[in-house]
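Q: Can you keep this structure in mind? I'll have questions shortly.
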Amino acid sequence: MSGRDPDFDAYVLKIHEVLGRLDYYRLLGVDRSAKIPEIKKAFFSIAGKFHPDRNRNADETVSQAIYNIFKRLNEAYRVLCDYEKRVLYDEGLDGGSTRLEYEGRRTMIPKTAEETMTSREARQFYRQAAEALKSGNLMQADLHIKVASKREGENKAIEELMEKIDTALAEKKKKRK
Amino acid sequence: MGIAVGIDLGTTNSCVAVVQAQRARVVEDAEGKRIQPSVISFHPGGATLAGQKAKDRLVIDPKNTIYSFKRLLGRKILSEEMQNITDEFPYSVMEGPDGIPVIQARGQELSLPEISAIMLKYLREMCTQTLGVDIDELVITVPANFNDVQRSSTKVAARIAGFNVLRILNEPTAAALAYGFGGQLTEKIAVYDFGGGTFDITIIELMDDIFEVLSTAGETFLGGDDFDEKIVEEMRRQFLFMHRYDLGEDPIAMQRVRTVAERIKCQLSNLDEVEATLREIAYGPGGVAIDFSFKITRTKFESMIEPLVDKSIATCQESLKLAKLDASSLDSLILVGGSTRIPLVRKKVKEFFNKEPRTEINPDEVVAIGAAIHAFSLTGEELPEDLPAPVEPGSGVDSADMLEPVRTSAPMAKPTGARPPPPPIDSTQRIPKLQKTIMGLPAPLESDEPSHEDPGGDLPDVKSQAPPPVIEMEPDPPPVIEMAPESPPPPPVIPSKKAPPPPPVIEMEPDPPPPPIDLVAGEDRVLPKDEKGSFSIPMVSTAAASTLLLDVTPRGLGVATAGGYCDQIIERNAAIPVEQSRLFSTSTDNQVAVAINIFQGESRRVEQNTLLGQVHLSGLRPAQRGEVKIKVVFEIDTDGILGVSAVNEESGEAQDTRIQLLGGLNEDQVNALVSKYSKS
């Protein structure tokens, strides 16, 4: 472990500067169609150069840059090797988001009802149920909330909305009579 | 950057290793012992003993002798699991400030990092004595399933002991490194690590020189100690039945029972039946001494521990599931930790993985060896073949009043006395001898030899009678001589059996009149003893040392949200280092501070996860609720330790953040301890 390659350090700092704009595929240098073994190979070869353990002799600025880049590389590798996450990521990437942010950039406190759901589909159906209820399409709302509840049981927000829809349906029946 | 050692600070025993001239070497103490009991004892004379010396005092002074302290490190006193184990301890564990456990001994109150630091300091001084150089950097290992607080407490302990911590390394990962995997293979291996206090299973994939941990799972409250306790319970039950007296009422008797139970457990790995006699364990009517004879078969023992072993197997299943693999897709299986000597454990693991396990390296030493290899790969520095002259008294680490590795038989010590350094002539003779001893090889000195793929395969026959390192039959046994095929050990001065356990070597340590029971304790018999075994230590090839480790975090990390839910921020088994961020906002008007509860665990319900601590954001701009937005970044670093930082979304400036972890010391407390122990 002697001197460092100044070109490599300059390269590191350059990558670090544009890190936020690099998507996972570009970061790992693979195609969007790349299969897992290819991604693995690419990651391992980059990790060999960018792992903080391999750069213990770097100065502080470069070390910090390498550390940040490596965290992102880890993230990219894990997301692209996980089928479900990759599907979500690709969706987000088409919308211009270079990172998979599991719950989007949202605020934690105060919490909206939807945010208590972990299943993406449940959240979608919940949203549609809420909209349907607003527009007075009770049958549609009932259907959607039932699906949401199936996807995610024991969620207070879903249960509450379900109750609302049920009362609305009951009232409608009464009025008809 | 200098030379760094690898330390395995175990629940029951600790071991230190270092790389010297391209080979891993276990650092022995002055008596040639390769593992040191993780025990601290506060002597009435004011000295603090550690290692075997402290362990010898377990039956004499159980109230002031602290063992298994790793089980308490980084834990909250109030948890149910903690209550169960502290009830078993003869020493007193109290609630300290902020709910952290403190140990009361000999009028002092000590936190767990402090206790651990005393042990580490002892090991550091042992290195100075044996190697002749003061080493102040280390790689220290922890169970893979240690959480954030336990990891940072370990780091704090090392800091107090004066070490610069290069890495907190997971024990199973270290073990895999020691086996010298690497090179051009693509392999999947399982490391089954059953120690004194914890159980870990880790699945690792090797590709070229990359070591990728695919998954890890474990139980923090499952270990060899629990097996001992099963035997203790049975002994207590039998004694109660025979004599209508509960041995639990007498802490000294209980400690003797515990010591014997541990020996029985070890014996049962080789024998079908073991008998133990405890003389004068209690006194009957009229002060008549009662002897207690206890007999147990291996079958009986196995039936008692089977549920515990099954629990470990269930955890193996879990780790395979996490790695999305099945047992048949694994190429190798490594056993680590003293509990893997138990035949039932071996049988069950072998059945589950359907694989012959690799056990060539002593399971008590393998983790330290791996840590030393990793230390070498991080620093690129190793001990030279020829060591510098041993340190003069007074130089190097000097904390005579805190800790003194007391020698009993000290073959190399000058008869006059206190703290003699190894005389130079002995030291030079000693090193080549050790080379042979460690390697079990006729010392091939070429450093650039290709990597050893099967370290056990072509070794010469290293059959030596290696007594199980933990078992000490007599209060003052002859030095344990392990794995010395040809080199004769230094002629040990074997003390007579009737000698009181610690012959006073140091003036500061007055010889206490041994309580009468002590002599009796020395006669506790477990017959017969001896474990036959031969282990080897592989060569540290350059390939193993250039291996890159990609590890994971054992548990998920989440924050509490409305409605009792937990929002997972970093998922279980995420590759580290890793970072995730979330936006937080105020929930009431003009709120100037936000507290975020951090949880460890994977459940969506808050109550099923463990509260780790709180992140406090302060100095917010007074505004309407929801208006102020703070981006909080959660990071787990390469040591597996959590870090939190925050940025104000409006101004882009860093936000005041304070993280308070439960069971851990705060920065001020740590600094106070660091300066306290650097003085001594």
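In order, the protein sequence lines correspond to chains H and G.
The first sequence: position 95 = 95 (this note's numbering), numbered continuously.
Whatever position you read off the second sequence (first residue = 1), add 1000 for this note's numbering.
Using N, Cα and C, we set each Cβ at its ideal position, and we do this for glycine too.
Note that the structure is predicted; figures quoted are calculated from it, not measured.
1. For chain C, find out if any of its Cβ atoms is closer than 8 Å to the Cβ of residue 1210/G; answer yes or no.
2. Output the distance between the C-alpha atoms of residue 1158/G and residue 1665/G, rounded to the nearest integer angstrom.
3. What's the C-alpha gap between residue 1641/G and residue 1139/G?
4. Can you confirm whether residue 127/H, when its beta carbon is compared against all beta carbons of chain G, has any partner nearer than 8 Å?
5. From residue 1349/G to residue 22/H, what does the alpha carbon distance come to, in whole angstroms?
6. Roughly how many whole angstroms lie between the Cα atoms of residue 1186/G and residue 1096/G?
7. Any residues in the region 24-44 of chain H with a beta carbon nearer than 7 Å to a beta carbon of chain G? Which ones, in chain order?
8. Which residue wins for smallest C-alpha separation from residue 1108/G, given the options 1119/G, 1124/G, 1091/G, 1098/G?
9. Between residue 19/H and residue 68/H, how many whole angstroms is the CB-CB distance? I'm expecting something under 8 Å.
10. Within 8 Å (strictly less), CB to CB, does residue 75/H reach chain G?
11. Which same chain residues end up closer than 6 Å to residue 1026/G when comparing Cβ atoms and leaving out the 5 residues on each side of it in sequence?
12. Report the start-end ranges of each alpha helix (DSSP H) in the region 1201-1245 of chain G that is 4 residues or longer and not cut off at the edges.
13. Taking contact to mean at least 3 C-beta pairs separated by less than 8 Å, is the region 1157-1171 of chain G in contact with the region 1028-1047 of chain G?
14. Please give me, in chain order, every unbroken run of the alpha helix (DSSP H) with length at least 4 that falls completely inside the region 1286-1357 of chain G.
15. How long is the line joining the alpha carbons of residue 1073/G and residue 1671/G, rounded to whole angstroms?
16. Starting from the C-beta of residue 16/H, find all residues in its chain whose C-beta is less than 7 Å away, skip the five residues before and the five after it, and write them out in chain order.
17. Where does residue 1274/G land, buried or exposed, given buried means 16+ other C-beta within 10 angstroms?
18. Measure the alpha-carbon distance for residue 1740/G versus residue 1242/G and round it to whole angstroms.
19. Residue 1385/G to residue 1207/G, Cα distance in whole Å?
20. Quick one: is residue 1207/G near chain H, going by C-beta distance under 8 Å?
21. Can you tell me whether residue 1622/G is buried or exposed? The criterion is at least 16 other CB atoms within 10 Å of its CB, across all chains shown.
22. Mark residue 139/H as exposed unless 16 or more other C-beta atoms lie within 10 angstroms of its C-beta, in which case mark it buried.
23. If the cut-off is 9 Å on Cβ atoms, which residues from the region 51-62 of chain H count as contacting chain G, listed in chain order?
24. Are any of the Cβ atoms in chain G nearer than 8 Å to that of residue 89/H?
25. Considering only the beta carbon of each residue, do residue 1021/G and residue 1382/G sit closer than 8 Å?
26. Taking the alpha carbon of residue 137/H as the reference point, which residue from 147/H, 155/H, 169/H, 152/H has its own alpha carbon closest?
27. With H, G and I counted as helix, E and B as strand and the rest as coil, what does DSSP make of residue 1085/G?
28. Using a Cβ-Cβ distance cut-off of 8 Å, determine whether residue 1217/G contacts chain H.
29. Kindly say whether residue 21/H, judged by its beta-carbon, lies nearer than 8 Å to any beta-carbon of chain G.
30. Looking at the unbroken beta strand (DSSP E) that takes in residue 1660/G, where does it start and where does it end?
31. How about residue 1101/G and residue 1112/G: do their beta carbons lie closer than 8 Å?
32. So with Cβ pairs under 8 Å, would you call residue 78/H a contact of chain G?
33. Taking its Cβ as the centre, do 16 or more other Cβ atoms sit within 10 Å of residue 1249/G, making it buried, or is it exposed?
34. What are the boundary residues of the alpha helix (DSSP H) that includes residue 149/H?
35. Is the distance from the Cβ of residue 1145/G to the Cβ of residue 1216/G below 8 Å?
36. Around the Cβ of residue 1002/G, are there at least 16 other Cβ atoms within 10 angstroms (buried) or fewer (exposed)?
A: This is what the structure gives:
1. Considering every chain present, this structure includes no chain C. Its protein chains are H and G.
2. 14 Å
3. 15 Å
4. no
5. 45 Å
6. 50 Å
7. 44
8. 1091/G
9. 7 Å
10. yes
11. 1017, 1034, 1365
12. 1224-1243
13. no
14. 1298-1322, 1343-1353
15. 18 Å
16. 65, 68, 69
17. buried
18. Only positions 1001 to 1680 of chain G appear in the structure, and residue 1740/G is not among them; the question remains open.
19. 32 Å
20. yes
21. exposed
22. exposed
23. 51, 52, 53, 54, 56, 57
24. no
25. yes
26. 169/H
27. helix
28. no
29. no
30. 1656-1661
31. yes
32. yes
33. exposed
34. 138-151
35. yes
36. exposed
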